Amino acid sequence: MHIEENRPLAPFTTFGIGGPARWFVEAASEPEIVEAVEWARVRGVPLFVLGGGSNLLISDAGFDGLVLRITLCGVSVLGTGGAARVYRVAAGEPWDDFVQRSVDDNCSGIECLAGIPGTVGGAPVQNVGAYGQEVASVIERVRAFDLQAHAWTESTAAECDFAYRRSRFNSSDRGRFLITSVDYRLTPGGAPALHYQDLKQAFLQSEPSLAEVAATVRRIRRAKGMLLVDGDSDCRSAGSFFKNPVISEAHFKRVAAGGSAVHFPAGPGRIKLPAAWLIEQAGFYKGYSLGAAGISSRHTLALINRSGATAAEILELAAQITDAVEARFGIRLEMEPVLVGFE
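By numbering that gives the first Met the number 0, the letter at position 177 of the sequence shown is numbered 176, and the numbering carries on one by one without gaps.
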């Protein structure tokens, strides 16, 4: 195991922001992971696990501990029976590569999650979702190293406590588990999901294949600046910076008083509001700038690093947006990215 010192972390993130790791190591196997965890434990230093770096904002000071980058790779089929095929996917596999593999195999369940950056190991942490699909609906089992018990464990989907953009891994047990593989149960020959209006509009006159739906999702994401494209400053982001808030019907009536408000049902007595709509109504717009930090020119939900932005500038912009939305609507937006190296 080769441990480096003062390794810059910005290149490992889609934001391109962040100071160095005091110590840095890559692990390509489960024994190497255990070795790295033990190295940090013996020395009493903090440990942070780095995946694809697509949902992170790292502080300008970096991380004063050991950053463990997971590079485990591999996809295997555990079995095909009846209406399901189960894939076991290593945590270091790029998420979009696995989506493409499933589409090539004509297995439905994650085709609408095409184009999302990051790795397979990060998908269950925030219950990745888009265009009417969530990984919670297809995850069968998550294998992880329990840092408290210092033992390997496997959790069923029910034990992961999935909810909108949440799981036990980023809520009640944040920082406890180090995910190494995920089992996905997909449907061979299944029909693609066409729940969102953008997709319905694209296929009004046809019954698309999984490949066509995945390709269309990628085009939509690119048009919104949500697909990683080299040289595109709108892509230097963490994707959606804020979660879409879910509020009560009574609160929604106050929000919509005197006019209409974009909204979606979110269960009995609950309403989901697009955070992008709230941000725009609060006075922010596509292309807005605060120094080198800004809002994407294509989507108000993405905060971007225009060129040389600091983490402090990104957080200042986020605070301005959050305060303005709360002042107007009484809704406190919640950030999606994980903050690393901040007090």
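Ideal Cβ placement from N, Cα and C applies to all residues, glycine included.
Computed from a predicted model, the values in this text were never measured in an experiment.
Residue j beta carbon less than 8 Å from that of residue i
i: R164; j: S154; result: no
i: A292; j: E312; result: yes
i: G114; j: L193; result: no
i: H298; j: A275; result: yes
i: V98; j: E110; result: yes
i: S180; j: V88; result: yes
i: G121; j: G51; result: yes
i: C72; j: G43; result: no
i: S53; j: G17; result: no
i: P273; j: N243; result: yes
i: V107; j: P191; result: A small fix is needed here, since residue 107 is Ser in this sequence, not Val. Closer than 8 Å, so yes.
i: L146; j: V36; result: yes
i: F241; j: E333; result: yes
i: N105; j: S166; result: no
i: F14; j: L55; result: yes
i: P10; j: P19; result: no
Residue i, enclosing beta strand (DSSP E) - first and last residue
i: I2; result: From DSSP, I2 is part of no beta strand (DSSP E); its letter is neither H nor E.
i: V41; result: Note, V41: premise wrong, no beta strand (DSSP E); alpha helix (DSSP H) at E29 to R42.
i: F144; result: I138 to D145
i: A292; result: A292 to I294
i: R84; result: A83 to A89
i: L56; result: L55 to I57
i: R269; result: R269 to K271
Secondary structure of residue i, DSSP reduced to three states
i: T70; result: coil
i: T321; result: helix
i: G15; result: coil
i: Q132; result: strand
i: F202; result: coil
i: A326; result: helix
i: P10; result: helix
i: S236; result: strand
i: R173; result: coil
i: R164; result: coil
i: E25; result: strand
i: D197; result: helix
i: V337; result: strand
i: L277; result: helix
Neighbour-count burial assignment, residue i, 16 or more Cβ in a 10 Å radius
i: L203; result: exposed
i: P264; result: exposed
i: T152; result: exposed
i: G258; result: exposed
i: T79; result: exposed
i: D95; result: buried
i: F341; result: exposed
i: A237; result: buried
i: E34; result: exposed
i: L338; result: exposed
i: R253; result: exposed
First through last residue of the alpha helix (DSSP H) which encompasses residue i
i: S101; result: W94 to D103
i: T215; result: L209 to A222
i: L351; result: Residue coverage of the chain in this structure runs from 0 to 342, which leaves residue 351 outside it and unanswerable.
i: I109; result: From DSSP, I109 is part of no alpha helix (DSSP H); its letter is neither H nor E.
i: R253; result: E248 to V254
i: A150; result: Run containing A150: none in the alpha helix (DSSP H); it sits in the beta strand (DSSP E), A150 to T155.
Say whether the region 294-310 touches the region 228-235, bearing in mind that this needs 3 or more beta-carbon pairs closer than 8 Å, one atom from each stretch. yes
At least three beta-carbon pairs within less than 8 Å, the region 206-226 to the region 169-179: no
Closer than 8 Å is the cut-off here; do at least three beta carbon pairs connect the region 24-33 with the region 319-334? Here the region 24-33 makes no contact with the region 319-334; the two share fewer than three CB pairs at distances below 8 Å.
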